[in-house]
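K.L.:
First residue of the sequence shown: 14, per the numbering used here; consecutive thereafter.
Glycine included, C-beta positions come from ideal geometry on N, C-alpha and C.
Once you've had a glance at the structure underneath, I'll fire off some questions.
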Amino acid sequence: MKKNTLVMLGGFIIAGAIVFLLMAATPGSSGVELTMKELLATQDQHKDDFVTVEGLLMEDSIKWNPDKIELKFDVKNNEGQIMHVIHNGPKPDNFSEGVITILQGSPTKKDTFEAESVKTRCPSKYEGNDIKDYDPETHKDKLNQPPKEK
């Protein structure tokens with residue numbers, strides 16, 4: 014083979030490896046964002062997907078096992094649907110009733126979600142809203158607004 018052909022072949026292999034590594038290192042970028050209602054209705058279709066979903070934490074359901082670093086809890090949406098969550102990792106700060114949890118992972122069995130990451134937002138009580146009237150779409154709109162100038 015000519016020297017130029019070998020250099021081009023090597024360049025394509027290196028470029029392909031870089032693209033593969035970038036895609037493998039960022040599973041969240043290829044994931045799906047669903048509401049809890051959508052996820053529970055189509056759980057079987059998303060078993061192989063990296064899913065982002067959010068819900069309100071039910072504090073009385075929290076089971077923390079520090080020996081296994083395992084966290085189990087339930088979240089609910091504003092329609093009263095409940096989903097069980099399993100997370101093998103540390104318990105987030107501000108983990109109390111009414112906290113909005115943002116979960117990333119995949120659904121496993123019926124109404125169960127295995128979370129790779131668990132994040133929290135401020136409880137809606139700090140925003141002056143009643144938790145019973147929590148609407149995720151309204152909350153997203155508030156977060157996406159630019160800060161008010163003083």
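Go ahead and label T121 buried or exposed: buried means 16 or more other beta carbons lie within 10 angstroms of its beta carbon, across all protein chains shown.
P.N.:
Position 108 of the sequence shown holds residue 121. Exposed.
K.L.:
Can you tell me which residues form a DSSP beta bridge with L116?
P.N.:
Along the sequence shown, one-based indexing puts residue 116 at 103. Note: L116 sits in a beta bridge opposite V66 and V131.
K.L.:
Please classify A28 as buried or exposed, where buried requires at least 16 neighbouring CB atoms within 10 angstroms.
P.N.:
The residue you call residue 28 lines up with position 15 of the sequence shown. Looking at its Cβ environment, which holds fewer than 16 other Cβ atoms inside 10 Å, A28 is exposed.
K.L.:
Anyone know if the C-beta pair for F108 and L70 falls short of 9 angstroms?
P.N.:
The sequence position of residue 108 within the sequence shown is 95, counting from 1. The sequence position of residue 70 within the sequence shown is 57, counting from 1. Closer than 9 angstroms, so yes.
K.L.:
If you scan the region 65-98 from start to end, which runs of the beta strand (DSSP E) of 3 or more residues do you find wholly inside it?
P.N.:
Taking only runs of at least 3 residues, the beta strand (DSSP E) segments lying wholly in the region 65-98 are 83-89.
K.L.:
Anyone know if the C-beta pair for V98 and D106 falls short of 9 angstroms?
P.N.:
Taking the sequence shown and counting its residues from 1, the one referred to as residue 98 is at position 85. Taking the sequence shown and counting its residues from 1, the one referred to as residue 106 is at position 93. Taking 9 angstroms as the Cβ cut-off, V98 and D106 do not qualify as a contacting pair.
K.L.:
Leaving out five residues before and five after V45 in sequence, what residues of the same chain have Cβ atoms less than 8 angstroms from its Cβ?
P.N.:
Here residue 45 refers to the residue found at position 32 of the sequence shown. These residues qualify, in order along the chain: H59, D62, F63, V64 and T65.
K.L.:
Ignore the nearest five residues each way along the sequence and tell me which others in H100's own chain have a CB closer than 7 angstroms to its CB.
P.N.:
The residue labelled residue 100 in the question sits at position 87 within the sequence shown. The answer, listed in chain order, is L84, A128 and V131.
K.L.:
Who are V45's beta bridge partners in DSSP?
P.N.:
Working through the sequence shown from its first residue, we reach residue 45 at position 32. In DSSP, V45 forms a bridge with V64.
K.L.:
In the DSSP assignment, find the unbroken alpha helix (DSSP H) run with T18 in it and report its ends.
P.N.:
Stepping through the sequence shown from its first residue, residue 18 is reached at position 5. K16 to A38 is the span of the alpha helix (DSSP H), which, as asked, contains T18.
K.L.:
Please return the same chain residues whose Cβ sits closer than 8 angstroms to the Cβ of E92, not counting the five positions on each side in sequence.
P.N.:
Looking up residue 92 in the sequence shown gives position 79. Contacts found: K50.
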